[in-house]
Each structure stands twice: as structure tokens, then as C-alpha cells.
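Visitor:
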Amino acid sequence: MPELPDVEAARRLAERALRGHRLVAVAARRDPIVFAGVSPGRVTATLRGRRVLAVRRRGKHLWLELDRRPWPAFHFGMSGWLETYPDPADRPRYWKLELVADTGARVAVSDTRRFGRIRLQHDPPHQPPISDLGFDPLEGLPPPAELATLLARRRAPIKPVLLDQSLFAGVGNWIADEVLFQAGIRPHRPAASLSVAEVRRLRERLLAVVTKAVAVGADSERFPRSWLFHYRWGRSADRRTWRAERIVRETIGGRTAAWVPSRQR
DNA sequence: CTCAGTGTTCAGTG
DNA sequence: TCACTGAACACTGA
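Throughout, my numbering is defined as the position within the first sequence, counted from one, plus 23.
#1: Do R288 and G207 have their beta-carbon atoms positioned less than 8 Å apart in this structure?
#2: Taking one C-beta from the region 271 to 285 and one from the region 212 to 232 each time, how about it: are there three or more such pairs within less than 8 Å?
#3: Going by the beta-carbon positions, is the gap between A50 and E121 smaller than 8 Å?
#4: Just to confirm the assignment, what range does the alpha helix (DSSP H) spanning V66 have?
#5: Compare the Cα-Cα distances from R255 to each of V283, T274, E244, V237 and report the closest residue.
#6: Restricting to Cα atoms, I'd like to know which of V61, D54, G72 is closest to Y117.
#7: DSSP three-state call for V130: helix, strand or coil?
#8: Is the beta carbon of G82 less than 8 Å from the beta carbon of G193?
#9: Just to confirm my understanding: we take G127, look at its own chain, exclude 5 residues before and 5 after, and list those with CB closer than 8 Å. What are they?
#10: When you compare the CB positions of Y85 and L76, do they come within less than 8 Å of one another, or not?
#11: Along the beta strand (DSSP E) that carries K119, what are the first and last residues, could you check?
#12: Ends of the alpha helix (DSSP H) at I275?
#13: Using C-beta distances below 6 Å, list every residue in its chain close to V70, excluding the 5 sequence neighbours before and after it, in chain order.
#14: So L203 is in the alpha helix (DSSP H); what residue range does that whole segment cover?
#15: Which same chain residues end up closer than 7 Å to T172 when comparing Cβ atoms and leaving out the 5 residues on each side of it in sequence?
#16: In three-state DSSP terms, what is A281?
#17: Return the chain-ordered list of same chain residues with a C-beta closer than 8 Å to the C-beta of A179, the five sequence neighbours on each side being excluded.
#18: My assumption, with CB atoms under 8 Å, is that G163 sits in contact with V57. Please give the rounded CB distance.
#19: Under a three-way DSSP split, which group does W239 fall into?
#20: I need the straight-line Cα distance from T67 to D155, nearest angstrom please.
#21: In its own chain, which residues sit with a C-beta less than 7 Å from the C-beta of L185, not counting the 5 before and 5 after it?
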């Protein structure tokens, strides 16, 4: 689930449950992979009794601002998730960390595949990996001319360049494919080969896709029917858009790209 | 049984 | 140093 819109939805959920409240109980499951070098004991001891001042996000990263440092920072990897619930029995199966607010509200972070990371950092936004991130589209993108200059230095296909978090923070596999589809650009095109007009379209579509996905709470059922998103999966060889255009799947830059030859040049 | 998957990192190369 | 490529990571579900 976790591309920018999902993480923003998680941020809003966590903020509603935790902002202004004290953490009266904390449980951390032993997992040396997800907890990057932090013991469960240190996590619980650090967080218990703290007041949550805010929940922040940048790209696909989330962190809590507390009344005392260090603060917890989260990356959800491929399968990480965050949910809130009132009943302890609803703790998710692959939970890693559970926070209980003084209201009784519970927030859990789970991760089946364990590619996610939970860190304790003194100042998350000014430390790697968050400090290494590039532009978060929700905070705005540089003007087309400046973006064109940045892309002109990249010879790799535009698809993996869109996935480069040090350039576009929060863009994941489906957003990159969606943006290229809507902008009418083939994913294989060297980034440096895009015209300024194409960069302008790319920029505009990136802003539109991210804004819309966030506006509907990352609920894909509510994405516009015209989006490639609804048609890109499924195993059948004859995947088609709602206009019956053929959808091709191939590996580009190490990831599966879905694209529509008749619409993307 | 095999393979793909909403992601990142690291080693090796140019 | 930088840009790029491909493999590795861990696990579930089709």
C-alpha cells in the first residue's frame, strides 16, 4: 500500500488518534530487521509517557513529534501499514509496534514482509534517510524549466528516474506508471530526451495524480475511472484500458512497468 | 512449486 | 564522484 497517498492517509489517521495525547502504553515486538538496531525495551522505554505533538510525513516516510527526543520514524517498505482501533483484540497479525493513547485509542504499525523500518532519531527530518529525499509533490515541484534542467542530467529511462526518491519523494511504481500514461510518454525514454513541453506535462500530471489520490484518502475505488490504475493488474495477456487499448507489461529499471503503446510516445 | 509484488540498499561497473 | 544496473532482502498469495 505505501506510496505517498497511502502514507499521507496513515499520517492523518495517526494524527487524529494521537495528536495532543499521552502514550500510556507501548508494545514492541522483537524484530531486529524492522527495528533498525533498536531493542524492543529501548523503544517502549523511550515512548511510554510521552505526549504526541504532531505526526509528520515526507515522501513515504512518517514520524512522530514528541515532547521529548528521540522521536520514532517509520518507513513502510512494501507491506508495512498503520491502523487505529479501540479494541486490543484487533491488533493486526503482523504488528511490530502498538501505541495506546490516554483516550484508549490504539495505533499499530504492522509489516508482513519486513522491508519496512522503525527508527529512533534525534531529529528525523534532518537525518538520513529523510534528509536525503527530494521534492515531495504535495509540497510543490520546481517550475518546468528547472525540472527540465534536473532531468537533462539523467540518461536512464524516465520510469526509474521518477522512482528516484532523492528527486521525487513519495513516487512509487503505480504512480510513476500512471503519470507517464497520463502524460503520454513512453517509460523507456531517456529522461534527458524529454522536451520542455513533455516535462511540463509530466509535472502537471504528477501533481494532479498525487493531489487527487490524497483527496480521496488513497481509496483506489474512488480514483477516476480513466486512470490506468484500474486496469494495470490481472494476469490475462490481453489487459485493456476502458477504451480497449492494449496494456503492455515489461521490466524497466528492475521494476514492472505497465504502459499503453498507442497512447505513449 | 514457482513467481511476482504499492521498496530500498549495496556491490560492481563505466 | 556520479550515474546506472542488477541482485538481494523476506514473505505471502495467486
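A virtual CB, placed ideally from N, CA and C, is assigned to each residue, including glycine.
Guide: Reading from the atomic positions:
#1: yes
#2: no
#3: yes
#4: In this chain, the alpha helix (DSSP H) harbouring V66 covers 63 to 70.
#5: Checking every option, the nearest Cα to that of R255 belongs to V283.
#6: Closest option to Y117, Cα to Cα, is D54.
#7: strand
#8: yes
#9: Non-local beta-carbon contacts of G127 in its own chain, meaning distances under 8 Å to residues more than five positions away in sequence, involve P109 in chain order.
#10: The identity of residue 85 in the sequence shown is Leu, whereas the question assumes Tyr. No. Outside cutoff.
#11: 118 to 124
#12: No alpha helix (DSSP H) contains I275, which is instead part of the beta strand (DSSP E) from 271 to 275.
#13: Here residue 70 turns out to be Leu, not Val, going by the sequence shown. Exclusion of the five residues before and after L70 leaves L46, V49 as the residues of its chain whose Cβ lies within less than 6 Å of its Cβ.
#14: 196 to 206
#15: Once the five neighbours on either side are set aside, T172 has no close Cβ partner at all.
#16: strand
#17: So the qualifying residues of the chain are P213, A214, G276.
#18: Not a contact, Cβ separation roughly 32 Å.
#19: It is worth fixing the name first, because residue 239 is Val in this sequence and not Trp. V239: coil per DSSP, three-state reduction.
#20: 28 Å
#21: The residues are F191, V194, A199, V202.
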